[in-house]
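Student:
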Amino acid sequence: MSRRARPSVTLKLAWRQLLRTKGSSVLVAALIAAPVAGAAGVLTFIEGRTPSTAQTVHYELGATQSWIRIEGGADPSRVQAVDAPFMTWIERDDNGSATNPELPPPTDLSVAQLPAGTEAIPLTEGYERLTTRTGIAGFPVIYGNAWDPRLTGRFEMSSGRVPQASDEAMASPELLQRLGRAVGDDIELPDRGVSVRVVGTLRAMDGGTYRMPLFLPARAMPAEQEAPPSRPDTIWFLPDWQPDPAELADLNHAGYVAYARDLVLDPPSGAETSATMMRGQTDSAWVTLMLVSLGLVFGGLLVGLLGAAAMAVSARRQQRSLAVLATVGARRRDVFRTVLMQGALLGLAGGLIGTVIGIGGVAVLNAMTDPGVKNTFWSTWGLKVPWSVAGVVVFAVLVGLAASVIPARSATRGDALAALRGARRPVSMSLRRPVVGILVGMIGAGSVVAGGVLFGVLAATDAWNQGLQTTALWASIIGVLLLLLSVTLSGQGVLALLAGMLARFGSAARLASRDAVANSPRTVPAFVSIAASTAVAVFVLCAIAIPQAQSARSWAWAAPKGAVIVSSWGEASPSQAPAFLSDAHPDRIIPVSSSVDPVIDTEDASEPPSEVAYTSMWAKETGGWIDVPGQPVTIVEPDDVETLTGLVLSDAEQREFAEGAAIASFLQRPVPQGFAEYIDDDDKARLAFWDAKDLYTGESPEPVRTEALSVQVHVGTSTAYPLILSPAAAEEYDVKTHVSSWVALFDDPPSDAMMDRLRADAETASTGGAVFDVRVENGPDSSLPWLALVLGILSIIVVAAATISLGLARIERREDDATLAAVGATTALRRRVAAWQAIIIAGVGCVIGVLLGLAGAWALTQAISGSRLSDAPVLWLLGIAIGLPTVIALVSLLIRPPHPDLTHRTAIA
26 MSRRARPSVT LKLAWRQLLR TKGSSVLVAA LIAAPVAGAA GVLTFIEGRT
76 PSTAQTVHYE LGATQSWIRI EGGADPSRVQ AVDAPFMTWI ERDDNGSATN
126 PELPPPTDLS VAQLPAGTEA IPLTEGYERL TTRTGIAGFP VIYGNAWDPR
176 LTGRFEMSSG RVPQASDEAM ASPELLQRLG RAVGDDIELP DRGVSVRVVG
226 TLRAMDGGTY RMPLFLPARA MPAEQEAPPS RPDTIWFLPD WQPDPAELAD
276 LNHAGYVAYA RDLVLDPPSG AETSATMMRG QTDSAWVTLM LVSLGLVFGG
326 LLVGLLGAAA MAVSARRQQR SLAVLATVGA RRRDVFRTVL MQGALLGLAG
376 GLIGTVIGIG GVAVLNAMTD PGVKNTFWST WGLKVPWSVA GVVVFAVLVG
426 LAASVIPARS ATRGDALAAL RGARRPVSMS LRRPVVGILV GMIGAGSVVA
476 GGVLFGVLAA TDAWNQGLQT TALWASIIGV LLLLLSVTLS GQGVLALLAG
526 MLARFGSAAR LASRDAVANS PRTVPAFVSI AASTAVAVFV LCAIAIPQAQ
576 SARSWAWAAP KGAVIVSSWG EASPSQAPAF LSDAHPDRII PVSSSVDPVI
626 DTEDASEPPS EVAYTSMWAK ETGGWIDVPG QPVTIVEPDD VETLTGLVLS
676 DAEQREFAEG AAIASFLQRP VPQGFAEYID DDDKARLAFW DAKDLYTGES
726 PEPVRTEALS VQVHVGTSTA YPLILSPAAA EEYDVKTHVS SWVALFDDPP
776 SDAMMDRLRA DAETASTGGA VFDVRVENGP DSSLPWLALV LGILSIIVVA
826 AATISLGLAR IERREDDATL AAVGATTALR RRVAAWQAII IAGVGCVIGV
876 LLGLAGAWAL TQAISGSRLS DAPVLWLLGI AIGLPTVIAL VSLLIRPPHP
926 DLTHRTAIA
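In our numbering, the protein residues as written are 26 to 934.
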C-alpha cells in the first residue's frame, strides 16, 4: 500500500469500525460530549451576560448622544474613565485629602459651558412612599420625561400612553403588580396627600438599580426635591451634543462627569478607561489568565479522563476486528493509526454534539429566566456564541487523540490468535503504581499545605505581594492536581481494597466490585473524572458559602434574620410594645432599651440637669479612651440576650450578666484596623456621662463622670450593639433608660403585605409626640441561588458521566452477563450488580471529589482572614457525596438488564 493511500484507508477503516459498533460509539461520543457541553454552555452563558460596547452604549444613552451628571466641586485635576464615569481621580496628598481646595458642586448645567441651544432631557432620581394593597411602602421614583422616544434602550415602553398632565404617571409592570393596580388606576402618595393616575407601563432597563420604579413628570417633583442638594441625583441626557476629549476634560474640571457615545465606542489615544484606571490596583489580565488556565486544566483533565475510559472500552470491543486486520497484513503502526483515527473522529463528534447541546441549553435557559431587564443575575444580552467555543471543539479532538494513545498501544501488543478466539487476558495488578501514587499524593498534600500556610502568613500580616500570592495559589492548585493524579495511579488498588470490603455485602456487591477491578482501564478514568468535576464544584460551593458565612457573622445584626424591628423616639415614646405590633401576633416581642437622650429646653435655666450616658471608644494606638457622645448604651433583659444576639451564654455567664455585668461581641480580635472598638485590652468598657444641656451648646464639653466596668467578651459573632448592659448594671451605674425598640419574632419571615400594613399602622400610631419606624432584619444577601446553580451543573455532569460510563459497562459486560444468566443468576441479581456498579463508580468519584475540593477550600480559608472551613455547606456536600450516588444507584436498579445472549461467551486466556 502506498504512503498516499494509507491515510485514506486508515480513515475508512476507522469510520467503518465506528459504524460496526454503533451503540458503543454513540456512548463514547456522548461521554466526550458531556463535559464539552458544559464547557460550551458556560462560555456561551458568560458571553451572553457580557454586553458589547455598542450594546452598553445603547443601554446607557438610547438614541441620545451623551449624558452629564454632577460629580462634585470644581477641581482642575479631576479625570474620569470615558467608559465608566463613576471612576474618577483627583490629586490627593499623603493623608488622602484633596490637594486642591474643595469647592461647592454646581447645581445645574449653567457652568458646564454647553453650546448655545443645546437640548437636555433631565431625569431626577427620588423616593416616594406609596399606598399598597395592605399599607405603605417606599419605592424609587424617576422625575422627568423618561418616556421620551430618544431614551428607548434605557427605558422601554410596554403599554398605554405617555403622561400629559402632572397628575398622570407611568409605572413598571412589577410595581403595578406589587401595588395591586392596573393601567387606569390611581396610585396614592400619602406623604403629599395626592394621587396620580397610571396611564401606561414603562420599564427601566437597569433592573439592578431601579426595582419597581414609578415615573412622574418633572413638574410633579416635590419642591424640596428641586433644591440644590438633590441636584447630583439628576442626569441630563443630551440628544444632539457630545463632548470631545478636550470638552470632557473641561467638564471634569468644572465638577461634572459625562458619558459620550463616540468616546466610548472609539476611545481616543491616551484617554483614561476603566482598564487603565484599574491598572495598579489589580492585575485583571493576570486574574483572567489564571481563571482561563484553571478552566483549561480541569476541563482538559475531565474530557481526557472520560475520553480515555471511552476509548479503552472501544478498543476492547474491537479486539477481534483489529486482530483480523493484523492477520491480513496490516502493520502494527496501521492498527495504531486506525485506533488513533477513531479517537479523533469520536472526539470531533463528541465536540460538535456537546457544543450544540451546550449552546442549545443556554438558549433554553435564557428563554426561561431572562427577566427582560439588564443588570440582574439572569439578565442576558442575547445568545452570543464566543469564538472560544470553536477552540473547545478542537480541544475535544486533541483530547480524543490523546485518550486513544494508550488503547492504541494496547491494541498493537496483544496476541492476534487469542483475540480472534475472543479471549481476554486476565487482569494483572501492578504494585508499582499504587506506591508511585502514594508518593505523588504525599507531594500533592505537601504542596496544598505549603500554599495554604503561605496564604495564612500573608493574610495574618496584611501583606499583599502578588508574586507570593501567585505562588501560594498555584501551589494549592498543583497540589490538588497531584492528589487527583495520585488517585488515578492508585485507582486499581483502591478498587481492589474496596472489592475486599464489599465482598461481605453479598454476591451482587462482590461481582460488581471485582468487575470494576478487572476493567480498571474503564472504571478508574470514569470515577476519577467524576472526582475532578466534583472537586471543582465543591471548591466553588465552598468559595461561595464560606465568605457568605463570614459576611453573616460580620453583619451588624440588630435582630435574628426575618425579625421585625419597631423603633420609637420622641417626647412621648411608650414603654410598652405598640398595639399594632401586638396585633400582628408575633411569637415573641423583645424590648430593647437604650440610654435616654432627653429633650430639654436649653433656655430654661430652672430646668434641673439631666445626665445621658454613652459608650466611650478605645484608642488602641494611644492606649487611652476617647469620650465622645455618639454610641448610646443598650440594655437587654438577661432572658432575651441569646435570642436577640445569637450569642450562646453558659449558665455562669448568664447568671453573671443578670447580676450586673455587660456583654460585648466581636467578629475577630484584635479588631481590624479602621473599625471602632469599645473594649480595652483588659476586657473593660467605659461609660461617659454628660449633662444633657451641655450637649446642645454646640461645643465639646467634658463628661460629668465616667464609670469603668468589666465585660464578658465573645469572639466570632458581630451584632449592632457594641455594649449590652443588664438592667441590674444600668441601675448600678445610674444609667437612665427607655425602651427604644421592640423586636418581634415570627415563625415565617414577614411578607411584603404584612410589612406594608405595619408601616401604615406605625404611621397612624405616630401621634402625640411618639414616632414609630418599622423595618425587617434581612441580613446579607443569600448565596442560595449560586449554590443551587453550581449544584445543578455538577449534578448534570456527574449524572451524565455516570450514566454513560454505566452504559459502556453494560455493553462491555454483555458476555459476562450472559455467563451469569447461564449459571442461573436471576434478573434481580443482575439488577443489583448494576446498582452496585453505579455506587462504586459514582460513589467513589463523588467522595474523593468532595475530599479534594475541601483540600482546596482549606487553602482558601487561609487566604481569607477570619474564614473557617467549618462554614463549608455540609448538607450540600453530603448530598453530593451520598445523595447523588444513591440516586444514580436507584435508577440503575430500576432499569431492567438486557436479554442475555447465551450463544457467545468470553474465554479467559
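Note that the Cβ used here is the ideal one computed from N, Cα and C, for glycine as well.
1. Just to confirm, is the Cβ distance from G160 to Y152 under 8 angstroms?
2. For V387, which option in T670, R74 and V858 has the closest C-alpha, if you only look at C-alpha atoms?
3. For Q517, which of R457, V51, V872 and L606 has the nearest alpha-carbon?
4. In angstroms with no decimal places, state the Cα-to-Cα distance between P654 and W580.
5. Assuming contact is defined by CB atoms lying nearer than 8 angstroms, are V4 and L371 in contact in what I supplied?
6. From S77 to D287, what distance separates their C-alpha atoms?
7. Considering just the uninterrupted stretch of the alpha helix (DSSP H) at M779, what are its terminal residues?
8. Is the distance from the Cβ of T496 to the Cβ of P264 below 8 angstroms?
9. Considering only C-alpha positions, which residue in the set W261, I212 and A245 is nearest to A137?
10. Out of G63, D118 and G425, state which residue places its alpha-carbon closest to the alpha-carbon of G385.
11. Short of 6 angstroms in beta carbon distance, which residues of its chain neighbour A1020, apart from the five on each side in sequence? Order them along the chain.
12. State yes or no: is the C-beta of G587 nearer than 7 angstroms to some heavy atom of the ligand FMN?
13. Going along the chain, which unbroken runs of the beta strand (DSSP E) with 3 or more residues stay wholly within the segment 848-928?
14. In its own chain, which residues sit with a C-beta less than 6 angstroms from the C-beta of G305, not counting the 5 before and 5 after it?
15. Measuring straight from C-alpha to C-alpha, what distance separates V422 and A369?
16. Under 8 angstroms Cβ to Cβ from L276, same chain only, skipping five residues before and after it: list those, please.
17. Per DSSP, which residues does G185 bridge with? Please list them.
18. If you drop the 5 nearest sequence neighbours on each side, which residues of the same chain put their C-beta closer than 8 angstroms to that of D216?
19. Would you kindly report the start and end of the unbroken beta strand (DSSP E) that includes T670?
20. CA-CA distance, S600 and R694?
21. Is the segment 635-649 touching the segment 734-741, taking contact as three or more C-beta pairs under 8 angstroms?
22. Tell me whether the beta-carbon of T659 lies closer than 8 angstroms to the beta-carbon of Y746.
23. So which of Q105, P238 and V289 has the shortest CA-CA distance to G225?
24. My assumption, with CB atoms under 8 angstroms, is that V621 sits in contact with K399. Please give the rounded CB distance.
25. Report all residues from its chain with a CB closer than 6 angstroms to the CB of R782; omit the five preceding and five following residues, and keep chain order.
26. Please report how far the alpha carbon of S191 lies from the alpha carbon of L176, in whole angstroms.
27. Kindly give me the distance between the Cβ atoms of A556 and L509, rounded to whole angstroms, as I take these residues to be in contact under 8 angstroms.
28. Which value, in whole angstroms, describes the spacing of the CA atoms of I382 and P396?
29. Quick test of the definition: if touching needs 3 or more C-beta pairs under 8 angstroms, does the segment 585-594 touch the segment 899-910?
30. Considering only C-alpha positions, which residue in the set L523, A99, Y703 and T124 is nearest to Q862?
31. P728 to Q80, Cα distance in whole Å?
32. In angstroms, rounded to a whole number, what distance separates the CA positions of S427 and F420?
33. Starting from M467, trace the alpha helix (DSSP H) both ways and give me its first and last residue.
34. What first and last residue would you give for the beta strand (DSSP E) that runs through E732?
35. Are at least three pairs of beta-carbons, each pair with one atom in the segment 567-581 and one in the segment 808-827, less than 8 angstroms apart?
36. Measure the CB-CB distance between L507 and I571 and report whether it falls below 8 angstroms.
Tutor: With the given structure in hand:
1. Locating residue 160 in the sequence shown gives position 135, where the first residue counts as 1. Locating residue 152 in the sequence shown gives position 127, where the first residue counts as 1. With a cutoff of 8 angstroms on beta-carbon distance, G160 and Y152 are scored as not near each other.
2. Residue numbering aside, residue 387 sits at position 362 when the sequence shown is read from its first letter. Cα-wise, what sits closest to V387 is R74.
3. Taking the first residue of the sequence shown as 1, we reach residue 517 at position 492. Ranking R457, V51, V872 and L606 by Cα distance to Q517 puts R457 first.
4. For the purposes of this step, residue 654 is identified with residue 629 of the sequence shown, where counting begins at 1. For the purposes of this step, residue 580 is identified with residue 555 of the sequence shown, where counting begins at 1. One C-alpha to the other measures close to 24 angstroms.
5. Residue 4 falls outside the range modelled here, since the chain spans only 26 to 934, and no answer is possible.
6. On the sequence shown, position 52 is the one that residue 77 refers to. On the sequence shown, position 262 is the one that residue 287 refers to. Straight across, the Cα-Cα distance linking S77 with D287 is about 14 angstroms.
7. Position 754 of the sequence shown, counted from the start, is the residue given in the question as residue 779. First-last of the alpha helix (DSSP H) with M779: D777 to A790.
8. Position 471 of the sequence shown, counted from the first residue, corresponds to residue 496. Position 239 of the sequence shown, counted from the first residue, corresponds to residue 264. It is not a contact, given that the beta carbons lie outside the stated cut-off.
9. Mapped onto the sequence shown, residue 137 falls at position 112. Distances from the CA of A137 to each of W261, I212 and A245 were compared; the closest alpha carbon is that of W261.
10. Taking the sequence shown and counting its residues from 1, the one referred to as residue 385 is at position 360. Comparing Cα-Cα distances from G385 to each of G63, D118 and G425, the minimum goes to G63.
11. The first residue shown for the chain is 26 and the last is 934, placing residue 1020 beyond what the model contains.
12. As presented, the structure is devoid of all ligands, the ligand FMN included, so that no description of it is given.
13. Correct list: empty.
14. For the purposes of this step, residue 305 is identified with residue 280 of the sequence shown, where counting begins at 1. Its pLDDT being 48, under 50, G305 is placed unreliably by the model, and the measurement read from it follows with that caveat. Excluding residues within five positions, none has a Cβ falling inside 6 angstroms.
15. Against the sequence shown, residue 422 aligns to sequence position 397. Against the sequence shown, residue 369 aligns to sequence position 344. Each residue's Cα considered, the two are about 5 angstroms apart.
16. Taking the first residue of the sequence shown as position 1, residue 276 is located at position 251. If we look at L276 and ignore the five residues flanking it on each side, its Cβ neighbours are I93, A137, P268, V282 and A283.
17. To locate residue 185, count along the sequence shown from 1; it is residue 160. DSSP, once it has assigned bridges, lists G225 as partnering G185.
18. The count along the sequence shown starts at 1 and reaches residue 216 at position 191. For D216, where only same-chain residues beyond five positions count, the Cβ hits under 8 angstroms are E153 and R154.
19. Here residue 670 refers to the residue found at position 645 when the sequence shown is read from its first residue. Bounds of any beta strand (DSSP E) do not take in T670; it lies within the alpha helix (DSSP H) bounded by V666 to T670.
20. Counting from one through the sequence shown, the residue named residue 600 turns up at place 575. Counting from one through the sequence shown, the residue named residue 694 turns up at place 669. One C-alpha to the other measures close to 36 angstroms.
21. No, the segment 635-649 is not in contact with the segment 734-741.
22. In the sequence shown, the residue the question calls residue 659 occupies position 634. In the sequence shown, the residue the question calls residue 746 occupies position 721. Closer than 8 angstroms, so yes.
23. The residue given as residue 225 occupies position 200 in the sequence shown. With distances taken between Cα atoms, G225 lies closest to P238.
24. Against the sequence shown, residue 621 aligns to sequence position 596. Against the sequence shown, residue 399 aligns to sequence position 374. A Cβ-Cβ separation of about 49 angstroms leaves V621 out of contact with K399 under the 8 angstroms criterion.
25. Translated into positions along the sequence shown, residue 782 becomes position 757. Take R782, set aside five residues on each side of it, and the residues of its chain with a beta-carbon closer than 6 angstroms to its own are T159 and G160, in chain order.
26. The residue you call residue 191 lines up with position 166 of the sequence shown. The residue you call residue 176 lines up with position 151 of the sequence shown. Spanning the alpha carbons of S191 and L176 requires a straight line of approximately 20 angstroms.
27. Walking along the sequence shown from the start, residue 556 turns up at place 531. Walking along the sequence shown from the start, residue 509 turns up at place 484. About 7 angstroms separates the two Cβ atoms, so the contact holds.
28. For the purposes of this step, residue 382 is taken as the residue at position 357 of the sequence shown. For the purposes of this step, residue 396 is taken as the residue at position 371 of the sequence shown. Across the structure, I382 and P396 are spaced so that their CA atoms are roughly 23 angstroms apart.
29. Contact check between the segment 585-594 and the segment 899-910: fewer than three CB pairs, one atom from each, fall below 8 angstroms, which does not count as touching.
30. Locating residue 862 in the sequence shown gives position 837, where the first residue counts as 1. It is L523 whose Cα lies nearest to the Cα of Q862.
31. For the purposes of this step, residue 728 is taken as the residue at position 703 of the sequence shown. For the purposes of this step, residue 80 is taken as the residue at position 55 of the sequence shown. Near 60 angstroms, if we compare the C-alpha coordinates of Q80 and P728.
32. If you number the sequence shown from 1, residue 427 lands on position 402. If you number the sequence shown from 1, residue 420 lands on position 395. The sequence shown places Ala at residue 427, rather than the Ser named in the question. Linking A427 to F420 through their CA atoms gives a straight-line distance of about 10 angstroms.
33. Against the sequence shown, residue 467 aligns to sequence position 442. M467 -> alpha helix (DSSP H) spans R457 to A485.
34. For the purposes of this step, residue 732 is taken as residue 707 along the sequence shown, with counting starting at 1. DSSP places E732 inside the beta strand (DSSP E), whose first and last residues are R730 to V740.
35. Proximity of the segment 567-581 to the segment 808-827 meets the contact definition, three or more beta-carbon pairs being nearer than 8 angstroms.
36. For the purposes of this step, residue 507 is taken as the residue at position 482 of the sequence shown. For the purposes of this step, residue 571 is taken as the residue at position 546 of the sequence shown. Not closer than 8 angstroms, so no.
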